[in-house]
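In order, the protein sequences belong to chains A and B.
The UniProt record's numbering applies: residue 1 is where the first sequence begins, and numbers increase by one.
The UniProt record's numbering applies: residue 1 is where the second sequence begins, and numbers increase by one.
Beta carbons: idealized from backbone N, C-alpha and C, even for Gly.
Note sheet for the following structure.
2 protein chains.
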Amino acid sequence: MDAGEPRKRTRIQIEKRETILEAALDMFSQHGYRGTTIDQIAEAAGMSKPNLLYYFRSKEDMHVTLMQRLLETWLAPLHELDNSGDPIDELRSYIRRKLEMARDFPRESRLFANEIIQGAPRIMPMIEGELKTLVEEKTAVMRGWMREGKIAKADPYHLIFAIWATTQHYADFDVQVRSVLGPDRGGEGRFEDAARFLEQLFLDGLKPIKV
Amino acid sequence: MDAGEPRKRTRIQIEKRETILEAALDMFSQHGYRGTTIDQIAEAAGMSKPNLLYYFRSKEDMHVTLMQRLLETWLAPLHELDNSGDPIDELRSYIRRKLEMARDFPRESRLFANEIIQGAPRIMPMIEGELKTLVEEKTAVMRGWMREGKIAKADPYHLIFAIWATTQHYADFDVQVRSVLGPDRGGEGRFEDAARFLEQLFLDGLKPIKV
DNA sequence: CTAACGTTTGTCCATTCGGTCAAAAATAAA
DNA sequence: TTTATTTTTGACCGAATGGACAAACGTTAG
Chain A
1 MDAGEPRKRT
11 RIQIEKRETI
21 LEAALDMFSQ
31 HGYRGTTIDQ
41 IAEAAGMSKP
51 NLLYYFRSKE
61 DMHVTLMQRL
71 LETWLAPLHE
81 LDNSGDPIDE
91 LRSYIRRKLE
101 MARDFPRESR
111 LFANEIIQGA
121 PRIMPMIEGE
131 LKTLVEEKTA
141 VMRGWMREGK
151 IAKADPYHLI
161 FAIWATTQHY
171 ADFDVQVRSV
181 LGPDRGGEGR
191 FEDAARFLEQ
201 LFLDGLKPIK
211 V
Chain B
1 MDAGEPRKRT
11 RIQIEKRETI
21 LEAALDMFSQ
31 HGYRGTTIDQ
41 IAEAAGMSKP
51 NLLYYFRSKE
61 DMHVTLMQRL
71 LETWLAPLHE
81 LDNSGDPIDE
91 LRSYIRRKLE
101 MARDFPRESR
111 LFANEIIQGA
121 PRIMPMIEGE
131 LKTLVEEKTA
141 VMRGWMREGK
151 IAKADPYHLI
161 FAIWATTQHY
171 ADFDVQVRSV
181 LGPDRGGEGR
191 FEDAARFLEQ
201 LFLDGLKPIK
211 V
């Protein structure tokens, strides 16, 4: 979006832009793009609307900026999936990292979910570009592991979807999860319970152990 | 919301209300509550805005009506989980039914997802009521199966979450799924692939088969 | 036909929202 | 200090939006 010159930014500009993005992330992830008003963001950021618009040309400008940063963070765990590591350990670690992201960056997860659910109107290119490329690379890795008999044969695309779905669920559907678990089991411990469960699910499934 | 008298409805009223709800479901599931305008719904329903407002008092009225119907449909598959059936078959069937719902009612799934992601502002009572009760009932069933050694021991709450997450993913994140799978694998067959994968995942997991 | 009731529409309104602008205030450079 | 530059704000604007309303239109029962 930045045209021409590389725009050197003041210290104040850098700081305030950060403050604004933080507030925008709060609002966008909670109310969605259309559901968020510039005034809301401005108030959350502790400044007036015209002031905010001095740092970001438009609402969409903020959203785009957030989205660009987001995908990077978001795909990091998958990037780390290492071809040369022990396959089972690598899968286990990937699931754990992804679950940690759901725990530590729920706003980012919801922002992403909001965008995808509504047809990814603003980030389709990134989905079809970076994300798709990375997934292709990692499914190839998994296929290798399957060929070597290190993990069971299964569709690697759907495996990745399943990992995404199960982990992000704890961020995106947080209120439902907490509500269903109730006050006693819905505390912070729910992530550890989830981690234990998911490890078992992905490694052993649910068939009874044969004796 | 209906006060006092049980309001007998004309044939026309019944039909038009249905048409409107259909259009509203389309719009709400695509653009979210705030992102949808009454004009959009009216146009999709083929009538004028004031005409639409003759059948539904307000935008929220439509949304609430949709939500109430939604949860019923949504929980039906879990309702069918039968204590007296064969546990493995029951789980398999539940997963399949849930996946079929994602395939056949993606708009409903997205509507629900939108609502939950944004903190369930309009359906919290239903989550804490019907949904929670049903989940408690069915987790008890599962615990019974585990006690009898019919399925492996695992946290039944998180098991239900995992089934919800993995199946609904194919509706809610549809554009991402299709985009990643590409034109050749992203066609209608993706649901069959998903069904196969999920069955394997939930029953056997991914550890290599011991020889 | 006519009265009663159900349906539809054009017009209007208050509010909200994204965004502009010029001018004031603060800050940094000279 | 003076000057230049950056930051902040109050006032404003046009478009969009949710909704009200009365009048017109259609339908049907008596």
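Straight-line spacing of the CA atoms in A:Val177 and A:Pro106 works out to 13 Å. Contact between A:Glu115 and A:Ile123 holds: CB atoms are separated by about 6 Å, below the 8 Å threshold.
Looking at the backbone, the Cα of A:Gly85 and that of B:Ile95 are separated by about 32 Å. In chain A, no part has a C-beta under 8 Å from the C-beta of B:Leu52; the shortest such distance is about 20 Å.
Sequence-distant Cβ neighbours of B:Leu70 in its own chain, meaning closer than 8 Å and more than five residues away, are Glu108, Leu111 and Phe112.
A:Phe191 has its alpha-carbon roughly 9 Å from the corresponding atom of A:Ala102. A:Thr139 has its alpha-carbon roughly 41 Å from the corresponding atom of A:Ile38.
Cβ proximity to chain B below 9 Å picks out Gln118, Gly119, Ala120, Met124, Ile127, Glu128, Leu131 and Lys132 from the stretch 118 to 133 of chain A. Neighbours of A:Asn114 in chain B, taken as residues at a C-beta separation under 7 Å, are given in chain order as Ile117. Residue-level contact by beta carbon holds for A:Gln30 and chain B, with a gap shorter than 8 Å. Using a CB distance below 9 Å, no part of the stretch 54 to 70 of chain B faces chain A. Rounded to the nearest angstrom, the gap between the Cα atoms of A:Ile12 and B:Leu134 is 53 Å.
Bounds of the alpha helix (DSSP H) holding A:Phe112 are Pro106 to Ile117. A:Arg34 and B:Gly32 do touch by the CB rule: their CB atoms are close to 6 Å apart, below 8 Å. The beta carbon of B:Leu131 sits closer than 8 Å to the beta carbons of Leu71 and Leu75 from its chain, once the five residues preceding and following it are set aside; these are given in chain order.
Going by DSSP, A:Pro208 is part of no alpha helix (DSSP H) at all; its letter is neither H nor E.
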